[in-house]
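Quick notes on the structure that follows.
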Amino acid sequence: MNLVLIAEQTLNGLQFGILLFLLAAGLTLVFGIMDLVNLAHGSFYMMGAFLFATFYTLTGSFFLGIALGIPATLAVGVVTEVLALRPLYARNHLDQVLATFGLILFFNQLVQVIWPLDGMSVPMPAYLDGAVRIGFGIEYPVYRIMIIGSGLAVAAGLYFLVQRTRLGMVIRAGASNRTMVGALGVDIKLLFTLVFGLGAVLAGFAGMLMTPILSATSGMGEQILILAFVVIVIGGIGSIRGAFIAAIITGLIDTLGRSFLDVLLLAVLPANAAEAAGPALSSMLIYILMVAVLFFRPQGLFPPKVR
Amino acid sequence: MRRTEFLRPIFLYRAFVLATCAFMPVLAPLVGEPYWTDIFLRIMIWAIAAVSLDLILGFGGMISFGHAMFIGLGGYTVGILAYYEIFNGFIQWPLAVLISGAVAAVIGAVCLRTRGIYFIMITLAFGQMIYFLGVSAEEYGSDDGLIIEARSEFAISVGDASWALDLGDPMVFYYLVFIILVVVLGIVQRIVNSRFGMVIRGVKSNQGRMAALGFDPFRYKLVCFIIAGMICGLAGALMANGEKYISPDMMHWTKSGELIFMVVLGGMATVFGPVTGALVFLFLSEILSNITQNWHLIFGPFLVLVVLFARRGIDGLFARNTKER
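Protein chains in written order, with the working numbering: chain L, 1 to 307; chain X, 1 to 325.
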């Protein structure tokens with residue numbers, strides 16, 4: 001274990017955390033404002049990835065792929081909201097969990113029908129390939145730096161939107177008291193659709209960023225969706241700031257745990273016990289974190305103030 | 001109970017379903033579809049698991065999104081013991097139930113401190129933990145799972161007299177599962193109508209009021225959670241025996257989702273509803289997957305429609321009022 005490796009893995013953790021934030025932001029907004037548990041949020045991550053891969057392959061341009069993929073994902077999100085989710089707002093969480101579970105099955109299969117091959121992979125654009133020296137003898141892939149940069153930019157933009165604009169004010173008001181916002185003359189239906197579309201686009205964008213690294217596959221949304229749920233529960237449901245901090249923490253703990261936990265365990269356990277426990281414990285680490293947070297702070301670390 | 005009670009649609013319907021289960025091994029070959037027996041075997045095992053979930057979800061109002069972990073725990077107990085060549089069912093099955101109950105006690109003690117959406121999420125998190133435990137158990141096959149060489153052995157010998165139950169015989173195993181299903185239904189029926197069950201249902205509708213009456217909701221819910229875990233662990237042991245195979249897939253979080261769906265489809269807070277749910281769910285997936293490989297394309301929206309329009313579940317359609325549940 002050397003410092004360069006630790007620094008690299010920390011950057012990887014940061015990148016993963018930012019990716020998680022892109023998913024968690026939409027999830028926490030949708031939950032905070034509409035009180036909707038949307039299991040199908042990961043499906044937008046997947047749809048974004050596939051749509052981007054398709055447009056990228058058609059046009060041959062990475063940025064055109066993203067530019068076309070975003071409105072396409074938005075359309076998928078809005079159609080889903082209008083057709084399937086609107087009747088669910090008034091229902092209890094159990095109904096929402098079940099119905100959106102059905103949507104997951106639908107989307108996973110839909111992807112297999114439309115893109116019948118075993119997933120879609122796209123090449124890394126040449127100008128984003130390769131690595132750069134970022135000091136202290138660390139070389140880091142350009143593409144991952146790009147993910148961190150664009151993720152931070154989106155986070156900043158989201159912060160500006162929510163904290164500094166009129167729309168953001170309405171969104172925050174909606175999170176505190178939905179009925180009152182409606183009574184004040186805000187078209188709450190339109191607001192819901194807008195916020196939902198925004199969440200879908202953020203999730204889709206995260207999927208697009210990951211496609212050159214992981215390739216788009218059916219069912220890719222679920223694993224990361226559960227992690228995004230962990231993030232919003234740790235951060236406090238409805239809080240974007242909480243989601244950001246929790247996403248970074250989760251990303252770091254997960255990544256660092258997977259790379260260094262077995263080394264740490266070796267220091268305290270005999271070799272064969274450490275080897276057996278290492279992989280199990282490192283994949284359970286963030287769930288243990290979530291359970292601990294919920295145990296001591298049942299509302300999460302940064303619960304939004306609700307009146 | 002008046003004599004005509006037994007002629008009400010709900011009783012006739014339930015008797016019909018159980019009779020179908022009982023006679024399927026005879027009926028299926030007659031109709032020329034012998035594999036129906038296998039489907040019904042799976043239906044009955046899943047029904048046991050779904051009934052146990054209904055105990056906490058339907059009657060207790062605890063929406064657990066990690067219930068499949070107990071299937072995994074029960075299954076892995078049988079599988080791992082068989083791996084070390086311990087095939088004795090008198091060891092395997094009680095241990096499967098006990099381990100599930102012990103884990104349920106620990107997990108329940110933590111989870112039941114939270115409520116609402118947090119309870120859904122924390123049970124999901126625990127389910128994931130157990131799932132990854134299975135995935136990372138290299139000794140027991142990780143993702144690929146384990147093949148179980150032989151079904152559990154039940155043999156007693158006292159002096160010269162010996163008695164054995166040969167689960168290797170499909171008929172014997174089928175009817176053992178059938179009997180267990182009926183017994184589980186009977187036990188759950190007794191539980192929900194007992195004083196304990198009344199407290200659980202009371203806590204579901206108003207926890208504060210039950211606390212004010214002097215009941216400790218946490219303890220009642222925890223005991224209920226443990227009972228459900230134990231029954232589901234037994235279902236897991238049966239599943240491992242039925243498939244002669246275990247893998248982390250049996251406790252994947254989608255399985256927990258499917259269990260919830262069976263309960264809701266059949267009718268929450270009805271003892272028999274989950275059986276209907278398991279029946280319809282597994283039959284539908286069998287039929288749809290025979291029609292098209294892409295059956296989730298139909299099944300997904302069907303799920304949404306059930307949630308939107310059939311809230312009382314199928315069993316609820318037969319019952320004229322809530323008393324009949």
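Think of the CB as a built atom: it goes at the ideal place given N, C-alpha and C, for glycine as much as any other residue.
is_contact[Phe132 (chain X), chain L] using C-beta, thresh 8 Å: yes
Supposed close pair Thr80 (chain L), Leu103 (chain L) - CB separation, criterion 8 Å: Beta-carbon to beta-carbon, Thr80 (chain L) and Leu103 (chain L) are separated by about 7 Å, close enough to satisfy the 8 Å threshold.
Residue-level contact to chain L via CB, Ile10 (chain X), 8 Å cutoff: no
Residue from L:Tyr56, L:Ser215 and L:Gly235 whose Cα sits closest to the Cα of Gln310 (chain L): This structure leaves residue 310 (chain L) out entirely; chain L is present only between 1 and 307.
Glu153 (chain X) versus Ala240 (chain X) - alpha carbon distance: 13 Å
CB of Thr123 (chain X) within 8 Å of CB of Ile99 (chain X), strictly: Against a cut-off of 8 Å, the Cβ pair of Ile99 (chain X) and Thr123 (chain X) comes out as no contact.
Presumed contact (8 Å Cβ cut-off) between Gly251 (chain L) and Gly60 (chain L), rounded CB distance: Actually they do not touch by this definition, with Cβ atoms about 32 Å apart.
Val158 (chain X) - containing beta strand (DSSP E), residue span: Glu153 to Val158
Cβ-based neighbour list, Met340 (chain X), same chain, cut-off 6 Å, excluding 5 preceding and 5 following: A question about residue 340 (chain X) goes unanswered here, because the residues of chain X that appear run from 1 up to 325.
Spatial distance of Glu324 (chain X) from Thr20 (chain X) (CA atoms): The pLDDT assigned to Glu324 (chain X) is 48, lower than 50, so where the model puts this residue is not dependable, and the model offers no usable value.
Within-8 Å CB hit, Ser283 (chain L) to chain X: With 8 Å as the cut-off, Ser283 (chain L) counts as an interface residue toward chain X.
Cutoff 8 Å: Ser100 (chain X) Cβ touching any chain L Cβ: Residue contact with chain L for Ser100 (chain X): absent (no Cβ-Cβ distance below 8 Å to any residue of chain L).
C-beta atoms of Gly77 (chain L) and Phe44 (chain L) nearer than 8 Å: yes
Closer than 8 Å to chain X by CB, Gly308 (chain L): Look at the range of chain L in this structure, 1 to 307, and you will see that residue 308 (chain L) is not part of it.
DSSP state of Leu158 (chain L) mapped onto helix, strand, coil: Here Leu158 (chain L) carries a helix assignment [DSSP, helix/strand/coil].
Residue nearest to Leu158 (chain L) in terms of C-alpha spacing, selected from L:Met46, L:Leu198, L:Phe63 and L:Leu261: L:Leu198
Close-in-space but distant-in-sequence residues of the same chain around Val170 (chain L) (CB under 8 Å, 5 per side omitted): Val181, Val186 and Leu191
Proximal chain L residues relative to Phe261 (chain X), where beta-carbon distance stays under 9 Å: Leu98, Phe101 and Gly102
Counted within 10 angstroms of its Cβ, other Cβ atoms place Glu258 (chain X) as buried (16 or more) or exposed: buried
Exposure label - Asp129 (chain L); buried when at least 16 CB within 10 Å: exposed
Sub-8 Å separation of Gly300 (chain X) and Leu265 (chain X) beta-carbons: no
Glu324 (chain X) at chain L interface by Cβ criterion, 8 Å: Low confidence applies here, because Glu324 (chain X) scores a pLDDT of 48, under 50, leaving its location unreliable; read the following figure in that light. Taking Cβ atoms only, chain L never reaches closer than 8 Å to Glu324 (chain X), which makes this a no.
One or two residues paired with Pro141 (chain L) in a DSSP bridge: L:Ala131
Straight-line Cα distance separating Asp38 (chain X) from Arg307 (chain L): Summary for Arg307 (chain L): the model assigns pLDDT 43, below 50, so the residue's position carries little reliability; its value from the coordinates is reported in the next sentence. C-alpha separation (whole angstroms): 55 Å.
Contact list for the region 300-318 of chain X against chain L, Cβ threshold 9 Å: Cβ contacts with chain L come from Gly300, Pro301, Phe302, Leu303, Val304, Leu305, Val306, Val307, Leu308 and Arg311.
Interface flag, Met290 (chain L) vs chain A, CB-CB below 8 Å: Among the protein chains of the structure shown, namely L and X, there is no chain A.
Chain X residues whose Cβ lies nearer than 7 Å to that of Val230 (chain L): Ala125
Endpoints, the beta strand (DSSP E) within which Leu39 (chain L) is located: Looking at the DSSP string, Leu39 (chain L) is not in any beta strand (DSSP E), and its letter there is neither H nor E.
Contacts of Val113 (chain L) in chain X (Cβ-Cβ under 7 Å): Residues of chain X with a Cβ closer than 7 Å to the Cβ of Val113 (chain L) are, in chain order, Asn294 and Leu297.
Pairwise C-alpha distance: Asn38 (chain L) and Thr28 (chain L): 10 Å
Contact the region 174-189 of chain X vs the region 43-59 of chain X: 3+ CB pairs below 8 Å: yes
Cβ neighbour criterion (16 or more within 10 Å) applied to Ile226 (chain X): buried
Three-state class that DSSP yields for Ala310 (chain X) in the structure shown: coil
Integer Cβ distance of Phe87 (chain X) from Ala150 (chain X), believed to fall under 8 Å: 6 Å
Touching by the beta-carbon criterion (3+ pairs, under 8 Å), the region 291-300 of chain X and the region 100-120 of chain L: At 8 Å Cβ cutoff, the stretches touch.
6 Å CB neighbourhood of Ser121 (chain L) in its chain, flanking five on each side removed: Ser215
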